[in-house]
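See below for the structure under consideration.
Shown next as structure tokens:
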């Protein structure tokens, strides 16, 4: 029975545009790593009026890009619908969304990670009814993050699964 359900969910999740949009929006607002692996400028280049000299070490701040009002409408609002009508992907081709990096240093685990996130999320959503911890209201959930090499919630979310 479990194997049949898993195959069914695998087929559904690969085609579910809203689930894909939710995952992309989560990557945008809460990237696992706030800064990409350092890169080195191969030549002098001007970016938005700034000169980046040859051999300078460059860090891409993925967290800041995800909250840039010049790139995103209502950048602090969780709004998966923004990805339903665009072709923005996470494969390093759209520089407004780089959760796995880009170029030669893109994460080699991207295909597996991307599929597993969808499969696990779809399985968890379809297998349980989720509620917040007793007494906690949705508007009281703290979404602050603790910065480091990776981002973590400052206060862990406590969600309670109940069998469907």
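Residue numbers (UniProt numbering): 1 to 164.
Don't be surprised by glycine CBs; every beta carbon is placed ideally from N, CA and C.
Cβ-Cβ separation, residue j to residue i (assumed contact under 8 Å), whole Å
i           : j          : result
residue 118 : residue 19 : 6 Å
residue 40  : residue 55 : 6 Å
residue 25  : residue 78 : 6 Å
From the options, residue whose alpha carbon lies closest to that of residue i
i           : options          : result
residue 66  : 88, 164, 48, 58  : 88
residue 44  : 52, 24, 37       : 52
residue 133 : 127, 158, 126    : 158
residue 32  : 47, 105, 148, 42 : 148
residue 46  : 58, 36, 35       : 58
Euclidean distance between Cα positions of residue i and residue j
i           : j           : result
residue 49  : residue 83  : 30 Å
residue 93  : residue 103 : 8 Å
residue 72  : residue 126 : 30 Å
residue 142 : residue 63  : 18 Å
residue 30  : residue 151 : 7 Å
residue 110 : residue 131 : 30 Å
residue 160 : residue 138 : 13 Å
Close-in-space but distant-in-sequence residues of the same chain around residue i (CB under 7 Å, 5 per side omitted)
i           : result
residue 129 : 162, 164
Residues that DSSP places opposite residue i in a beta bridge
i           : result
residue 159 : 132
residue 145 : 153
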